[in-house]
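Below: the structure, in structure tokens.
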Amino acid sequence: MSQICFVKGSLAIIVALLAGTGVANRSVAAEQVEVQEKFLGSGVTQKVGGYRPISAKLSDEAEGIEQQPEELVNPRYGKLKFGDKEYSILLDEPQPPATDDADDEGEAEGAEPGAEDVKGDAAETSAAGKDADPDQQAESGTPVEPRLFVDANADGDLTNDPAIDWKATPSGPYKLYRGSAEIDLGDGRMAAVDLYRFDPTDPRRKSLADIVFYYGDFGYEFEFQLDDKPFSTFVAGALSDNARLPIDRDDNGKISRNFETVQIGQPFNFTGTSYEFKVEDGQLRLQTSDEELEQLPMPPDLRIGQPALEFTATTLDGTEVNFPGDYAGKLVMLDFWATWCGPCIGEIPNMKTAYADWHDKGFEILGISFDQPNKEDVLKEFLEERELPWAQVYEGKGWDTSIGNQHDVSGIPFVLLVDGDTGKIMATARELRGPGLSKFIGEALGEEVQEDKDDEETAEDEPAEDDE
């Protein structure tokens, strides 16, 4: 008999389990593992490195609202939803001032006017009445800018909640509205929520005219052990049964989607034992899984000074490449890219310059294409049109390219510079992207001739800039 403790705040649930024996692939009783939860009231967006906005649809129905502020002009209502909780919002947004010509007004609201007309109309109306007659505004009591109210305590009363600073900032000829609220999740947990709205007069975003976007800046941090090794994870916003949990296995502060994330409800093996997360009664549970999986390898360490990953591939011209062994005596840049990738294409001029400057001194490039299946002819045509002379590997698997998976590539362009003699990584994207690429490659090769020549040309053309 063993005792396992679940902890949530100060609540502990002791679960007694009969010890069982079993072999791989045989169903045995799942062993529960202790999970400790910590609530994070704010700052989760920065911790995660981004957010996933949720849309709140606005309507004229004040559902669930029993009391609202006075002197409303054009109230519209919506809901913020986190888990099984809902919080009403009210947006009091004065309608743009009507024009004298009804036909012009109809054109602005319905048909697509010309681009120049759109900008002109929007510049006049996006201030939501700001440019209207100030005497009329004063007499009617109409607020100059929209106001947002959030039922933070979910009691149906919008008059007893903290005021929201609903700010408008310029976004071209239009405006972007932003604000923050703190909602009560219960049990003494106050959670930060950020909201924003695009200018409803922006014709490019007509489909968003009735939408307020929001996302939780709160979340939960969980601590647990896998095979007696401590780990932690966190979720942004409310815990859901389809969340993907990040687990920093190598403790480097970065998360690999391929090697360091776990889907709730699916088994995983990071340490030798297969486990599975579940959500029960709003709480995160962890238990051993009866589905035995192979242990997932650690994420590749692609930091400067680390050994490059070895692989064998066939280039478009049929040549077999053994990387990095075939590049002894050279510096080779691995370039993960695709013909559909705008930022990748933007780097091509810098790469061509570096290749032209230093190829005869020992600089090579090996492209790894992320183009989709049946795009080999498209790729070859692109290479010919752009006059790209270096070797290319094309598997026709898009994001499932094997070399990309091996290197844990989750975004392109992705570049590495490798010393063919030592097999070690010399540089990453910080040094290898931008107009300074050729200079950096020259310095890495130990070549001073070209750099000295550049300095002389600079001295002749711009003598006052010598020190720079």
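Taking mature numbering (1 follows the signal peptide of the UniProt record, and there is no 0), I'd label the letters of the sequence shown as residues -24 to -1, 1 to 444. Where is the CB? At the ideal position from N, CA and C, for every residue including glycine.
Residue j beta carbon less than 8 angstroms from that of residue i
i	j	result
residue 455	glycine 372	An answer regarding residue 455 cannot be provided, because it is not within the stretch -24 to 444 covered by the chain.
isoleucine 417	tryptophan 334	yes
valine 391	alanine 405	yes
threonine 249	threonine 264	yes
valine 150	threonine 177	According to the sequence as given, residue 150 is tyrosine; it is not valine. Cβ distance < 8 angstroms, so tyrosine 150 and threonine 177 count as in contact.
histidine 383	leucine 272	no
glycine 132	isoleucine 41	yes
proline 275	glutamate 236	yes
asparagine 245	leucine 269	yes
leucine 278	isoleucine 401	yes
tryptophan 313	phenylalanine 346	yes
aspartate 217	isoleucine 240	yes
leucine 202	tyrosine 190	no
leucine 393	alanine 367	no
valine 369	threonine 288	no
isoleucine 344	glycine 374	no
glutamate 407	lysine 337	no
Per-residue burial, residue i [other beta carbons within 10 Å of its own, 16 or more giving buried]
i	result
tryptophan 142	buried
arginine 173	buried
aspartate 79	The predicted model places aspartate 79 with a pLDDT of 37, which falls under 50 and marks its position as unreliable; any figure quoted below should be read in that light. Flag for aspartate 79 reads exposed.
methionine 309	buried
valine 11	buried
proline 411	exposed
valine 354	exposed
arginine 225	buried
aspartate 137	buried
threonine 101	For threonine 101, the predicted model reports a pLDDT of 30, less than 50, meaning its position is unreliable and no value from the coordinates is stated.
aspartate 376	exposed
arginine 52	buried
glutamate 296	exposed
alanine 128	buried
glycine 90	Reliability of the predicted coordinates at glycine 90 is poor, the pLDDT of 31 falling under 50, and the value obtained from them is presented with this limitation in mind. When all chains shown are included, glycine 90 counts as exposed.
serine 183	exposed
serine 35	exposed
Pairwise C-alpha distance: residue j and residue i
i	j	result
asparagine 234	phenylalanine 210	17 angstroms
isoleucine 140	leucine 124	6 angstroms
proline 364	lysine 328	Looking at the sequence provided, one finds leucine at residue 364 rather than proline. The straight-line gap from Cα to Cα measures roughly 7 angstroms.
phenylalanine 58	proline 122	25 angstroms
phenylalanine 200	tyrosine 153	40 angstroms
cysteine 317	proline 389	8 angstroms
glycine 396	aspartate 302	7 angstroms
serine 208	glycine 322	39 angstroms
alanine 167	glycine 192	8 angstroms
leucine 221	lysine 205	17 angstroms
proline 45	leucine 134	7 angstroms
isoleucine 324	leucine 307	18 angstroms
valine 126	serine 156	10 angstroms
serine 18	aspartate 68	27 angstroms
leucine 161	glutamate 267	36 angstroms
glutamine 259	alanine 38	32 angstroms
alanine 27	threonine 21	In the sequence as presented, alanine is not what sits at residue 27; that position holds tyrosine. Their backbone Cα atoms lie some 6 angstroms apart in a straight line.
leucine 66	valine 255	32 angstroms
threonine 147	aspartate 227	For clarity, residue 147 is serine in the given sequence; the question names threonine instead. About 39 angstroms.
lysine 14	phenylalanine 198	6 angstroms
proline 319	alanine 332	21 angstroms
glutamate 7	alanine 219	22 angstroms
asparagine 298	alanine 185	55 angstroms
aspartate 294	isoleucine 223	The sequence as given places glycine at residue 294; aspartate does not occur at that position. One C-alpha to the other measures close to 40 angstroms.
leucine 56	alanine 144	21 angstroms
lysine 351	glutamate 340	24 angstroms
Any C-beta of chain B under 8 angstroms from that of residue i
i	result
phenylalanine 390	Absence of chain B from the displayed structure is noted, only one protein chain being present.
Residue interval of the beta strand (DSSP E) (run including residue i)
i	result
proline 206	205 to 212
arginine 173	165 to 174
glutamate 340	339 to 345
threonine 249	Element bounds for threonine 249: n/a, residue is neither H nor E.
arginine 220	220 to 222
glutamate 197	195 to 202
arginine 261	259 to 264
lysine 143	143 to 147
lysine 151	150 to 162
alanine 38	Unbroken run through alanine 38: none, as it is neither H nor E.
methionine 309	307 to 313
threonine 290	287 to 290
glutamate 69	Element bounds for glutamate 69: n/a, residue is neither H nor E.
leucine 124	123 to 126
valine 49	That residue, valine 49, is in no beta strand (DSSP E); it is neither H nor E in DSSP.
Range covered by the alpha helix (DSSP H) that runs through residue i
i	result
leucine 355	352 to 362
phenylalanine 326	Contrary to the premise, residue 326 reads as asparagine rather than phenylalanine in this sequence. Unbroken alpha helix (DSSP H) run through asparagine 326: 318 to 334.
valine 20	20 to 24
**Asked** Curious, which full-length alpha helix (DSSP H) runs of at least 4 residues does the stretch 370 to 428 contain?
**Response** 378 to 382, 405 to 408 and 413 to 421
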